[in-house]
Amino acid sequence: MGANVLIVDDAAFMRMMVKDILTKNGFTVVGEAENGAVAVDKFAELTPDLVIMDITMPEMDGLQAVREIRKRDPQAKIIMCSAMGQQAMVIDAIQSGAKDFIVKPFQADRVVEAVKKALK
Numbered sequence: 001m002g003a004n005v006l007i008v009d010d011a012a013f014m015r016m017m018v019k020d021i022l023t024k025n026g027f028t029v030v031g032e033a034e035n036g037a038v039a040v041d042k043f044a045e046l047t048p049d050l051v052i053m054d055i056t057m058p059e060m061d062g063l064q065a066v067r068e069i070r071k072r073d074p075q076a077k078i079i080m081c082s083a084m085g086q087q088a089m090v091i092d093a094i095q096s097g098a099k100d101f102i103v104k105p106f107q108a109d110r111v112v113e114a115v116k117k118a119l120k
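Numbering (UniProt numbering), first residue to last: 1 to 120.
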């Protein structure tokens, strides 16, 4: 499988957790970004198979970043990460083109399941 993934979260700890889950399950993390603006640039530069994106971030939030990335690449596969209680934002993200969402704190099997589903 070994898909290339870009991880976007303003918390380095969260990026590290997701990276750990993905690499243990055979995926390659090709890049990380700490906000949506960096994510848009990195997406263009790295052309990953999948983006895992936090919703709430400084500078450009995940929703804006999803719209921007999908504008450039309508086929982009993006999974949103949200904390509990962000249902309205998750719905917004899905309507903006996100394929799925995972809830923090992450459960490894749920992350892997969402990634595999999004890559189909």
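Backbone N, C-alpha and C define an ideal beta-carbon position, used for all residues, glycine too.
When secondary structure is reduced to three states using DSSP, Met60 falls in the coil class, being assigned neither helix nor strand. For Asp109, the enclosing alpha helix (DSSP H) has its first and last residue at Ala108 to Leu119.
Nearest to Ile55 by alpha-carbon distance, out of Leu119, Ala108, Asp100 and Ala44, is Asp100.
The count of Cβ pairs closer than 8 Å, one atom from the region 56 to 69 and one from the region 79 to 96, reaches three, so the stretches are in contact.
If only uninterrupted beta strand (DSSP E) runs of at least 3 residues are considered, those enclosed by the region 28 to 80 are 28 to 33 and 50 to 54.
Its chain contains Asp49, Leu50, Val51, Lys99, Ala118 and Leu119 as the residues whose beta carbon lies nearer than 8 Å to that of Lys77, once the 5 sequence neighbours on both sides are disregarded; these appear in chain order.
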